[in-house]
Amino acid sequence: MISEAFAMGASGAQGGQASGLTSFLPIIILFAIFYFLLIRPQQKKAKDHREMISNLKKGNRIVTSGGIYGTIQSIDDTTVGLEIAEKVKIKISRGNVAAVISDNESSQKEDKKKK
Numbered sequence: 143m144i145s146e147a148f149a150m151g152a153s154g155a156q157g158g159q160a161s162g163l164t165s166f167l168p169i170i171i172l173f174a175i176f177y178f179l180l181i182r183p184q185q186k187k188a189k190d191h192r193e194m195i196s197n198l199k200k201g202n203r204i205v206t207s208g209g210i211y212g213t214i215q216s217i218d219d220t221t222v223g224l225e226i227a228e229k230v231k232i233k234i235s236r237g238n239v240a241a242v243i244s245d246n247e248s249s250q251k252e253d254k255k256k257k
């Protein structure tokens, strides 16, 4: 009876190697899904934001991450001076700029105000 147990144990070990590889396959597939659906788009968005911040210039209309709209009056390496209303100026960190508003968007808002 002991010799039969050893014979069964030897054949079971060979099957264990194949099942070890297949047990890692779902983990590898899950990592690939996370990479393409979460990590890669987030890296692309961060790259676009860095590029947008480096291209800021005086006179651009922007919106901050806090939702404040304004026009850039001065720009420094770390800060941006905004005019948010007539004679009302604030300074914000350059990283807090959420988006640059295009001329089309600002002209549409002005058209709505006139109506």
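Numbering (our numbering), first residue to last: 143 to 257. By construction, the Cβ of each residue, glycine as well, lies at the ideal position given by its N, Cα and C atoms.
What is the DSSP secondary structure of residue i, reduced to helix, strand or coil?
i	result
Ile-195	helix
Gly-223	strand
Ile-232	strand
Ile-210	coil
Ser-244	coil
In or out: residue i buried (at least 16 other Cβ within 10 Å) or exposed?
i	result
Leu-179	exposed
Val-239	buried
Val-222	buried
Is the distance from the Cβ of residue i to the Cβ of residue j below 8 angstroms?
i	j	result
Ile-204	Ala-241	yes
Gly-209	Leu-224	no
Thr-206	Ile-234	yes
Just the C-alpha distance for residue i and residue j, rounded to the nearest angstrom, thanks.
i	j	result
Gly-162	Ile-169	12 angstroms
Thr-220	Ala-188	18 angstroms
Looking at the ligand ZN, does it come within less than 7 angstroms of residue i, judged from the CB to the closest heavy atom?
i	result
His-191	Here there are no bound small molecules, and the ligand ZN is not part of this structure.
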